[in-house]
Structures are given as C-alpha cells and as structure tokens.
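A short worksheet on the structure shown next.
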Amino acid sequence: MPTSPTPCPGGCNRAWRQAETTGLPRDYQPTWGQPVHCHECQHRTRTCLAELPELLAAIWLEAMNGTARPADVTTMRPAGTAPWPGQASRLLTDLIVGGLAELEDDIRQLRQLPARAVDIREGTAITATIAFLDTHLHWALEHHPCAAEIHERDSANPASQIRTWHAMALRFTRRDARVEQRTAPCKRCGWRSLFYADGEDYIECRNPACGALLTEDEYASWAREIAETSRTQLRQVA
Ligand SMILES: [Zn+2]
Ligand SMILES: [Zn+2]
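Residues 264 to 501 in my numbering are what the sequence shown lists, from first letter to last.
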C-alpha cells in the first residue's frame, strides 16, 4: 500500500505519462490515485462493468441477425473463404466472457474464496460473474497485485481489462461511432489530424508518427493562439 500519493495508472493520466516520457512541458500535476486509482477511473470502470451484460446481449443479437441472412446458411462454401455465421460475435463473446471468468477465478484464489460454480447455463454464469466482480471491484482496483499497472493493451490490471472489454464491445456494436475532427492542426506535428472520440479523456492526434494527446483546455488555448497569430498576420498584410 503506497504511503505517498501516486499517479493514477488509468487513462486519465495518459497525457501526463506521455509528457513525462517525451519531455514536453506540462504545467499541471497528474491525477492522484485514491490511493491507487482515482475516483473518476474507479467510477468509470464500475459503469463499464455494469454496461457489459447489455453489450454482450447486443453482440449476441448481431450473431443471430448474421445467421438469419440466407447467404450465410450455405454448407457448400469452399474451405478457407468466409467465416461461419456469427463467428465474429461468438469469438468476441468468448473473449470477454472468458476474460471475466478468469478475472473472477483470479480474485477468488487471491482472496481465498470458494471456487466459481461452473455447471450453470452461460447466461446465468455471466450474470453471476458480473455480480461477483461488482462486489469485489473496489478490492480489485486497489489491492489486486496488478492494480497499479499502467492501463494499456494486455495489461493484467483488472480496471484496464474491464475498460478494454467494454471498448471492444462498443466498437463491435458500432456504438463508438461519434468521433469528431478538430479544426486546428496538431500542436506537435502540424497535421490536421486531431480527433475527439466520445468517452475518451483526450483529443488525440491520429498521425501514427505523432499520437499527441491534448486536454480540452489545452486544445482551446492552442486554437486561440493560432487564431491570434493568423489575425496578426492578416493585419500585417493589410
Ligand atoms: Zn484515473
Ligand atoms: Zn500530431
């Protein structure tokens, strides 16, 4: 258990961590953990977990709709062409449901709790696992051996895993579609490649060589700066 405040390992500190590694000047502090994850990351992770049952149902519906398409039911398809109907849905469901169950097993083992019931129907099992994780979420985010790992792909941090599964489910069900491009060029690379995606903490540069992250405030003052500069230039020309 840390004695002095440590930065939250969550997505809230992505820009701060980027500044730390690239040496870019930043005039703000990281978001501190309470004591490991900040309150916002704790809250968001709980919301993501609560939304998973509905998202899993939506992924399953997608598979059913896929199966309903006549072109998909042929058994004469040559090997190695199209996947079987609903395959993508099934694979994603297995990945998320398997991951949730593994996390439950892991917590049960660490907390010396009785093993998970395995001889129950899939739907019931998912509900039970999510209820279990909700009960033990605070422990998982603050006391799990991987709770302080930085959130990134393949991290074993329970919060990061839950957020990743949620994001995958959103993308699959096409509910993450609200992405807007910002008009000012990137502060670092100069490309017009700044985008904000719904639910994200930052405006992100999509130039693969750059990847700069800006908060709303930073973007606003940068856009003002550009507007000022172009006004001055216009006056000089006139
Ligand atoms: Zn945080
Ligand atoms: Zn950039």
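All C-beta atoms, glycine included, are put in the ideal place defined by N, C-alpha and C.
For residue i, three-class secondary structure by DSSP
| i | result |
| --- | --- |
| CYS468 | strand |
| TYR482 | helix |
| LEU376 | coil |
| GLN444 | strand |
| GLU365 | helix |
| ALA334 | Because the pLDDT of ALA334 is 35, which lies under 50, any placement of that residue in the model is unreliable, and the question is left without a value. |
| ALA475 | coil |
| MET339 | Legend: pLDDT at MET339 = 46, less than 50; position of this residue unreliable, value from coordinates given subsequently. Of the three classes helix, strand and coil, the one that applies to MET339 here is coil, per DSSP. |
| TRP428 | helix |
| ALA460 | strand |
| HIS401 | helix |
| ALA522 | Because the chain here runs from 264 to 501, residue 522 falls outside it and cannot be looked at. |
| ILE322 | helix |
| GLU415 | coil |
| ILE383 | coil |
| CYS452 | coil |
| ARG437 | coil |
Given residue i as reference, the closest of the options once Cα atoms are compared
| i | options | result |
| --- | --- | --- |
| HIS401 | PRO377, THR390, ARG307 | ARG307 |
| HIS302 | ALA475, SER418, ALA422 | ALA422 |
| ARG451 | GLU314, ALA460, CYS473 | CYS473 |
| PRO272 | ALA313, ARG445, VAL299 | VAL299 |
| ASN320 | ARG374, CYS468, ILE359 | First, the amino acid is wrong: residue 320 is Ala here, not Asn. The shortest C-alpha separation from ALA320 is found at ILE359. |
| MET327 | CYS304, ARG353, GLN305 | ARG353 |
| ALA380 | ARG277, GLN297, THR390 | THR390 |
| ASP464 | THR285, CYS304, GLN292, TRP295 | CYS304 |
| SER267 | ALA282, PRO316, TRP295 | TRP295 |
| ARG218 | ARG437, THR478, THR427 | Since the first and last residues shown for the chain are 264 and 501, residue 218 lies out of range. |
| HIS429 | THR495, ARG309, ASN276 | ARG309 |
| GLY349 | LEU324, LEU363, GLN372 | LEU324 |
| HIS407 | GLN372, ALA278, THR284 | GLN372 |
| ILE322 | ILE489, LEU497, THR436 | THR436 |
| ASN276 | ARG494, GLU412, GLU491, GLN496 | GLU412 |
| ALA278 | ALA447, ALA475, ASP369 | ALA475 |
| THR398 | CYS409, ILE370, GLY362 | ILE370 |
Whole-number beta carbon distance between residue j and residue i, since they are thought to touch under 8 Å
| i | j | result |
| --- | --- | --- |
| ASN470 | TRP454 | 5 Å |
| MET431 | LEU355 | 6 Å |
| GLU415 | THR392 | No, GLU415 and THR392 are not in contact; Cβ-Cβ is about 24 Å, not under 8 Å. |
| LEU318 | LEU396 | Not confirmed; about 15 Å, so no contact. |
* Asked: Does the segment 433-445 come close enough to the segment 457-467 to have 3 or more Cβ pairs within less than 8 Å?
  -> yes
* Asked: If you pair each beta-carbon of the segment 422-437 with each one of the segment 385-394, do three or more pairs fall below 8 Å?
  -> no
* Return the chain-ordered ranges of every alpha helix (DSSP H) run that is complete within the segment 268-302 and spans a minimum of 4 residues. => 277-285
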